[in-house]
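In our numbering, the protein residues as written are 1 to 374.
As structure tokens, this is what we get:
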């Protein structure tokens, strides 16, 4: 409560870059325009949005730009958002801090970057051996996930909207093949979220780096392996120039979402129609990103293999079984230790346990039969 009161004081006093922008923009409530045609017009609002993604991560950065463009279109240009790529205001992994402090009104980022603030935030992005893209989107929007996560965000004076989806990610780039658990021992790998916790249990030396820092670390030999997203983004970032072993599946991120994190004061100051515009824009960003990754990833994977000499490898059963065991144990341990985590985990696990048999019985049977024929 003290945290929220302190933010409220800053907002009312008009202090801070983001707070000043909101107050200057929200000069009144929604009204009908002067044309008498019933069209609703609202106050002029100007926001700043930090992101965790550089412009080179074309689709995820593009999702933030799409949100800004869509919101402006839906509000007749009265609600504008200026998008700042990673590093322009704050480093990639400090976006949530910038939103929480009021430095920016909103941030487009991955929730699991901030499990140090609360481990349950991982459910807003991806959990090892978790939900695929459709399942994650369904649980968030129709299974109560968004509401549960907003309860966590409220403790930080924030709210959040799911805002982009990459689909199943790949298992990362390794300088040397990893066939056994012994091969993972001591490997220095960039990997965030709960996946980092699990890989550490398997002997990996985990590092968490933002997108702009990953390639330089791999190039200089600071890390031996890196996971990012999938073929399209990974090719653009150039990981194949250094590491040639590309692994599947990305068991830690079968369907990760990104989020638009929003300061609660900034959100509450918006008229309802502007809030609806933001939610609609984030839905558009989710559809766009899913579609573009599904279009671009197959082409990029073919280029990586056929033009760049990349070897596509599958994680061994030994590694996958150990990762599954450690993942399930870790989730249960966190649930036993943290009431908020347990509440979200219970909802998520019930959904997973119901959804997996359905997908295995229909979706996967179709895929297993039809996909190999092309």
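Idealized CB from N, CA, C, for every residue including glycine.
Practice task
Output the distance between the C-alpha atoms of residue 129 and residue 359, rounded to the nearest integer angstrom.
Solution key: The straight-line gap separating the alpha-carbon atoms of residue 129 and residue 359 is approximately 14 Å.
Handout entry: alpha helix (DSSP H) runs wholly inside the stretch 200-238, at least 4 long, in chain order
Key = Contiguous alpha helix (DSSP H) elements confined to the stretch 200-238 occur at 211-219 and 231-237, taking only those with 4 or more residues.
Problem - Limits of the unbroken beta strand (DSSP E) element including residue 47 - result: Residue 47 -> beta strand (DSSP E) spans 45-51.
Exercise for the section: With residue 139 as the anchor, note down where its alpha helix (DSSP H) starts and where it stops. Expected result: It spans 133-142 - the alpha helix (DSSP H) in which residue 139 sits, taken as one unbroken run.
Exercise for the section: Work out the CA separation of residue 249 and residue 292 for me, nearest whole Å. Expected result: Cα to Cα, the separation comes out at about 20 Å.
Handout entry: Uninterrupted alpha helix (DSSP H) stretches inside the stretch 76-142 (no shorter than 4 residues)
Key = Runs found: 95-101 and 133-142.
Handout entry: Alpha carbon of residue 112 to alpha carbon of residue 284, nearest angstrom
Key = Annotation: residue 112 to residue 284 spans about 22 Å, alpha carbon to alpha carbon.
Exercise for the section: Compare the beta carbon distance of residue 289 and residue 120 with 8 Å and say whether it is the shorter of the two. Expected result: Pairing residue 289 with residue 120 gives a Cβ-Cβ distance that is not under 8 Å.
Handout entry: residue 245, enclosing beta strand (DSSP E) - first and last residue
Key = Residues 245-248.
Handout entry: Backbone secondary structure at residue 165 - three-state DSSP
Key = In this structure, residue 165 counts as strand in the three-state DSSP scheme.
Problem - Length of the line joining the Cα atoms of residue 350 and residue 92 - result: Between residue 350 and residue 92, the alpha-carbon positions lie close to 33 Å from each other.
Problem - Opposing strand residues paired with residue 336 [DSSP bridges] - result: Looking at the DSSP assignment, residue 336 forms no beta bridge with any residue, so it has no partner.
Problem - Candidates 260, 319 and 230, of which the one nearest residue 66 by Cα - result: The residue with the shortest Cα to Cα distance from residue 66 is 260.
Handout entry: Continuous beta strand (DSSP E) stretch holding residue 313: start and end
Key = For residue 313, the enclosing beta strand (DSSP E) has its first and last residue at 311-314.
Exercise for the section: Have a look at 372, 222, 335 and 365 and flag the residue whose alpha-carbon is nearest the alpha-carbon of residue 118. Expected result: Checked all of 372, 222, 335 and 365; the closest Cα to residue 118 is 335.
Exercise for the section: Take residue 229 and list the residues in its own chain whose beta-carbon comes closer than 6 Å to its own, dropping the five residues that flank it on each side. Expected result: So the qualifying residues of the chain are 166 and 169.
Handout entry: Cβ contact (3+ pairs, closer than 8 Å) linking the stretch 48-55 and the stretch 80-87
Key = Yes, since at least three Cβ pairs between the stretch 48-55 and the stretch 80-87 fall closer than 8 Å, the two stretches touch.
Problem - Proximal residues to residue 275 (C-beta, below 8 Å), its chain only, five neighbours per side dropped - result: So the list reads 267, once near-sequence residues are dropped.
Problem - Same chain, Cβ closer than 8 Å to residue 211, five either side skipped, listed in chain order - result: Contacts found: 52, 53, 54, 56, 57, 86, 92, 228 and 237.
Handout entry: Option in 137, 302 and 176 with minimal Cα separation from residue 164
Key = Per the C-alpha coordinates, the member of 137, 302 and 176 positioned closest to residue 164 is 137.
Practice task
Please name the residue in 158, 222 and 271 whose C-alpha comes closest to that of residue 75.
Solution key: The shortest C-alpha separation from residue 75 is found at 271.
Practice task
Go ahead and label residue 186 buried or exposed: buried means 16 or more other beta carbons lie within 10 angstroms of its beta carbon, across all protein chains shown.
Solution key: The residue in question, residue 186, is exposed, as its Cβ has fewer than 16 Cβ neighbours within 10 Å.
Exercise for the section: Could you pull the start and end residues of the alpha helix (DSSP H) that residue 394 belongs to? Expected result: Residue coverage of the chain in this structure runs from 1 to 374, which leaves residue 394 outside it and unanswerable.
Practice task
Go ahead and label residue 306 buried or exposed: buried means 16 or more other beta carbons lie within 10 angstroms of its beta carbon, across all protein chains shown.
Solution key: Its Cβ having fewer than 16 others within 10 Å, residue 306 is exposed.
Practice task
State the DSSP-derived secondary structure class of residue 56, mapped to helix, strand or coil.
Solution key: Of the three classes helix, strand and coil, the one that applies to residue 56 here is coil, per DSSP.
Exercise for the section: Could you tell me whether the Cβ atoms of residue 158 and residue 262 are closer together than 8 Å? Expected result: In contact: residue 158 and residue 262 (Cβ atoms closer than 8 Å).
Problem - Assigned exposure category for residue 281 - 16 Cβ within 10 Å defines buried - result: Answer is buried; the Cβ neighbour count reaches 16.
Exercise for the section: Using beta-carbon positions only, say whether residue 240 and residue 310 come within less than 8 Å of one another. Expected result: Cβ distance < 8 Å, so residue 240 and residue 310 count as in contact.
Exercise for the section: Output the distance between the C-alpha atoms of residue 38 and residue 341, rounded to the nearest integer angstrom. Expected result: Confidence at residue 38 is low in this model, with a pLDDT of 38, below 50, so the placement of that residue should be treated as unreliable; the coordinate-derived value is given next. A straight-line Cα-Cα distance of about 46 Å links residue 38 and residue 341.
Problem - Three-state secondary structure assigned by DSSP to residue 196 - result: DSSP places residue 196 in helix when its eight states are reduced to three.
Exercise for the section: Please report the residue range of the beta strand (DSSP E) in which residue 172 lies. Expected result: That run of the beta strand (DSSP E) goes 172-174.
Exercise for the section: Determine the closest residue to residue 179 out of 231, 226 and 245, with distance taken between C-alpha atoms. Expected result: Closest by alpha carbon: 245.
Practice task
Verify whether the separation of the beta carbon atoms of residue 201 and residue 226 is less than 8 Å.
Solution key: Contact: no.
Exercise for the section: Grab the span of the beta strand (DSSP E) containing residue 188 for me, first residue to last. Expected result: Start and end: 188-190.
Problem - Span of the alpha helix (DSSP H) around residue 157 - result: That residue, residue 157, is in no alpha helix (DSSP H); it is neither H nor E in DSSP.
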